[in-house]
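A short write-up of the structure that comes next.
There are 2 protein chains.
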Amino acid sequence: MNLLLLQPEDFLDSARARINDRRLQHVLSVHRAQVGDSLKVGLIDGLIGQGRIIQLSSSQLELDVQLDQSPPPQLPLTLLLALPRPKMLKRIFQSCATLGVQELILINSYRVEKSYWQTPFLTEEKIREHLILGLEQGMATQLPKVQLRKRFKPFVEDELPSICQGKTNLVAHPYHAQPCPRGLTQPTVLAIGPEGGFIPYEIDKLADSGFQAIDLGQRILRVEAAIVAACARLF
Amino acid sequence: MNLLLLQPEDFLDSARARINDRRLQHVLSVHRAQVGDSLKVGLIDGLIGQGRIIQLSSSQLELDVQLDQSPPPQLPLTLLLALPRPKMLKRIFQSCATLGVQELILINSYRVEKSYWQTPFLTEEKIREHLILGLEQGMATQLPKVQLRKRFKPFVEDELPSICQGKTNLVAHPYHAQPCPRGLTQPTVLAIGPEGGFIPYEIDKLADSGFQAIDLGQRILRVEAAIVAACARLF
């Protein structure tokens, strides 16, 4: 927890916040902070700044909060990700929030097992929980927007054209691909397939929407590493 | 397991290999391969190619092996990594092997807890086990060389100068830093600190050895993600 992330409901008034949950435990056991210490704090979807501890016990923490700096900017990235196996989801949500992905759309694909869509990790509450952990790591406040699209064809045909419009649209797919571009600053959509990759039909549908195949290298990365590598190389 | 990685002792003769361990179980339960199918195989620290299944039962697998292609090249990278917390080590060994790190030197740092050096994950056998999993993922055969250096000062003063000589030497440290360079092709040494970063004394010692501080961005990444991001951006 590099940043103590506050929610509007933590505030007693405009400059005073009180917490008594997991964050308190972290401040006590990891930061080992004391009254008078200042912590880096942020308001969810808001500014970052300092929180001076004015009261601290094993049951609650009160902070005098001054929020006066912008959080680090997000990447201009919409990530279309074929739904990965459930046990990877927690880390992927965290990772996307840490990296500054603006929007994450989990999509279906032929090689996504149908049962994956039933996982309890896809509830709104669980998603938010892991996004917040990722923001705390990355010292940022902007929650990525997460959407689930369980049907590939209607999504690609009906929604994707407006998502893609005016953007650089890329799919990580190592066949007939160009090397991954570097140092992009423009709005970008990146599609990453499931284990085993998108099937040719899916690649064709993405190509119809203007997606260009890019190659992240000969070595096959786990999906979580592929997201980090793509963000680091593209931007 | 994108590549079935063979060891010299798996070979019955120059073109015939037999396995009966974890790899057999994976071929049976995940690949669901049958006699006559071909699998991508590689020889540890050797070539890659195809293995045609000539016998398959629940207790053993025999392959007709043809190794005729070079594995993907390694990155020209020596990674100096402050020993991370033990539970992260498995994934870091795997990740380094997948990415193609040539040499990984785990070093001490003021902010590394002494107890971390006692973890069972640092035995030669465990390290090799996780490197191999990483190679199977990355479809490569070259084992990274892993070394442990439990004392920072003797390592930096006595060994580091010859490791660094003629290379680009970088430390991920976001203060007085230049942006991370991109598209390097020359031999490079990259130092990554512990959670909380290297202390000023350590940064000074690295600077004495010619290390230039580089900045991977305002967002603080977990060490595992930092390794992936640095490799993707540097090379």
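For the protein sequence lines, the chains are S and P, in the order given. Under our numbering, the first residue of the first sequence is numbered 953, with each subsequent residue one higher. Under our numbering, the first residue of the second sequence is numbered 953, with each subsequent residue one higher. No residue lacks a Cβ here, since even glycine has one placed at the ideal position from N, Cα and C. A quick note: this is a predicted structure, and the numbers were derived from the prediction, not measured.
Limits of the alpha helix (DSSP H) - the one that residue i falls within
| i | result |
| --- | --- |
| S/T1050 | P1038 to L1051 |
| S/V1017 | From DSSP, S/V1017 is part of no alpha helix (DSSP H) but of the beta strand (DSSP E) over L1013 to Q1021. |
| S/K1078 | E1076 to G1090 |
| S/A985 | Neither: S/A985 is in no alpha helix (DSSP H) and is coded neither H nor E. |
| P/A1129 | Note, P/A1129: premise wrong, no alpha helix (DSSP H); not H, not E. |
| P/I1179 | V1175 to L1186 |
Cα-Cα separation between residue i and residue j, rounded to whole angstroms
| i | j | result |
| --- | --- | --- |
| S/L999 | S/D962 | 15 Å |
| S/N972 | P/P960 | 58 Å |
| S/V1180 | P/H978 | 27 Å |
| S/V1053 | P/E1147 | 23 Å |
| S/T1030 | S/Q1046 | 16 Å |
| P/L1051 | S/P1113 | 34 Å |
| S/L976 | S/D989 | 14 Å |
| S/S981 | S/I1005 | 15 Å |
| S/T1093 | S/S1022 | 9 Å |
| P/R1174 | S/A1177 | 12 Å |
| S/L1013 | P/L1041 | 34 Å |
| S/K1105 | S/K1066 | 15 Å |
| S/Q1164 | S/Q1130 | 8 Å |
Residue burial classification, residue i (beta-carbon count within 10 angstroms, cutoff 16)
| i | result |
| --- | --- |
| P/R1103 | exposed |
| P/E1109 | exposed |
| P/R1171 | buried |
| P/V1123 | buried |
| S/G1149 | buried |
| P/Y1068 | buried |
| S/V987 | exposed |
| S/V1064 | buried |
| S/G1118 | exposed |
| S/L964 | exposed |
| S/R1043 | buried |
| S/A967 | exposed |
| P/S1061 | buried |
| S/Q1089 | buried |
| P/E1077 | exposed |
| S/H1128 | exposed |
Terminal residues of the beta strand (DSSP E) in which residue i lies
| i | result |
| --- | --- |
| S/K1157 | Where S/K1157 is concerned, there is no enclosing beta strand (DSSP E), although the alpha helix (DSSP H) it sits in stretches over P1152 to D1160. |
| S/L1122 | T1120 to A1124 |
| P/A1143 | T1140 to I1144 |
| S/R1004 | I1000 to L1008 |
| S/L958 | L956 to L958 |
Close-in-space but distant-in-sequence residues of the same chain around residue i (CB under 6 Å, 5 per side omitted)
| i | result |
| --- | --- |
| P/L1186 | L1136 |
| P/Y1003 | The sequence as given places Gly at residue 1003 of chain P; Tyr does not occur at that position. Result list for P/G1003: L991, V993, L1015 and V1017, in chain order. |
| P/L1035 | L1058, V1064 and Y1068 |
| S/P1139 | P1028 and K1119 |
| S/L1033 | L1058 and I1144 |
Close-in-space but distant-in-sequence residues of the same chain around residue i (CB under 8 Å, 5 per side omitted)
| i | result |
| --- | --- |
| P/L1095 | I996, D997, A1049, R1080, L1083, I1084 and L1087 |
| P/Q1099 | E1055, L1056, I1057 and L1058 |
| P/K1097 | Q1054, E1055 and L1056 |
| S/L1019 | V993, G994, L995, G998, L999, I1000 and G1001 |
Whole-Å CB distance - residue i paired with residue j, under 8 Å assumed
| i | j | result |
| --- | --- | --- |
| S/M1091 | S/P1024 | 7 Å |
| S/I1166 | S/C1132 | 5 Å |
| P/L1168 | P/A1159 | The Cβ separation is near 18 Å, so there is no contact. |
Chain-order list of residues whose beta-carbon lies under 7 Å from that of residue i (same chain, five-residue window excluded)
| i | result |
| --- | --- |
| P/P1038 | Y1068, T1071 and F1073 |
| S/G1162 | C1116 and N1121 |
beta-carbon residue i near the ligand FAD non-hydrogen atom, thresh 8 Å
| i | result |
| --- | --- |
| S/K1042 | The ligand FAD is not part of this structure, which contains no ligands at all. |
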